[in-house]
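Note that the sequence shown ends on residue 193 in the working numbering; no numbers are left out.
Using N, Cα and C, we set each Cβ at its ideal position, and we do this for glycine too.
In this text, all values refer to a predicted model and were calculated from it rather than measured experimentally.
Notes follow once the structure below has been shown.
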Amino acid sequence: MNVRLGTRRARCRRIRGAMDRWLDSRASHPIPPDVAEHVRECPNCRSYITTWNAVELRLRSARESWPTPDAVQHAMVRMQHPAELPEDWLRRRPAPFGPRLWVVGLASTAAVILAIAIYLGVVLRSNTTLATGRPAPPTISVEAMGAVQRDAPIIAPR
Numbered sequence: 036m037n038v039r040l041g042t043r044r045a046r047c048r049r050i051r052g053a054m055d056r057w058l059d060s061r062a063s064h065p066i067p068p069d070v071a072e073h074v075r076e077c078p079n080c081r082s083y084i085t086t087w088n089a090v091e092l093r094l095r096s097a098r099e100s101w102p103t104p105d106a107v108q109h110a111m112v113r114m115q116h117p118a119e120l121p122e123d124w125l126r127r128r129p130a131p132f133g134p135r136l137w138v139v140g141l142a143s144t145a146a147v148i149l150a151i152a153i154y155l156g157v158v159l160r161s162n163t164t165l166a167t168g169r170p171a172p173p174t175i176s177v178e179a180m181g182a183v184q185r186d187a188p189i190i191a192p193r
């Protein structure tokens, strides 16, 4: 914001520091004459002081609603002697529903292992391969090796 010297706004900015110092220590110091003259002329600075006074009055009224000395004393006594707690207040309580989590995990793991064992048992007892589902040759011989298609991809171990 551009402020030209000699205008009311420039004077407000220059006076504001003196006004703030006076508002901070007005109980011990009277208002400076240049601030008093400016406040008479400037409505913005008058509203600034009025707002400051309203805030100060609100803070004073809030101070009156602080706790009484009796309430403070009662709170201090309660802090020195806390309420008695039962001995098992920190003990872990059981879950309110169903079995514990580790039991559920163990049961689901056993069910998965059983399902895999049953599936593999059925597949291995039958005469099929896992990869194709077709019957496996009874034995692998040299004659069977000759029957392998030449253009079929060969998967070699790494």
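- Secondary structure of L141 (DSSP, three-state): helix.
- Considered as a whole, the stretch 72-112 harbours no complete run of any beta strand (DSSP E) with no fewer than 3 residues.
- Judged by DSSP in its simplified three-state form, A53 adopts helix.
- For a cut-off of 8 angstroms, the C-beta gap from L58 to W87 is around 5 angstroms, short enough to register as a contact.
- If you draw a straight line from the Cα of V70 to the Cα of A89, it is about 19 angstroms long.
- For I66, the three-state secondary structure derived from DSSP is coil.
- A straight-line Cα-Cα distance of about 36 angstroms links Q115 and E91.
- Ranked by how close their Cα comes to the Cα of S82, the residues R61, G140 and R51 have R51 in first place.
- Cα atoms of V107 and E122: separation of roughly 30 angstroms, rounded to the nearest angstrom.
- The three-state reading of DSSP puts A152 in helix, counting H, G and I together.
- The distance from the Cβ of C80 to that of M54 is about 7 angstroms, consistent with a contact at the 8 angstroms cut-off.
- Distance between R56 and A110, taken at the CA atoms: about 39 angstroms.
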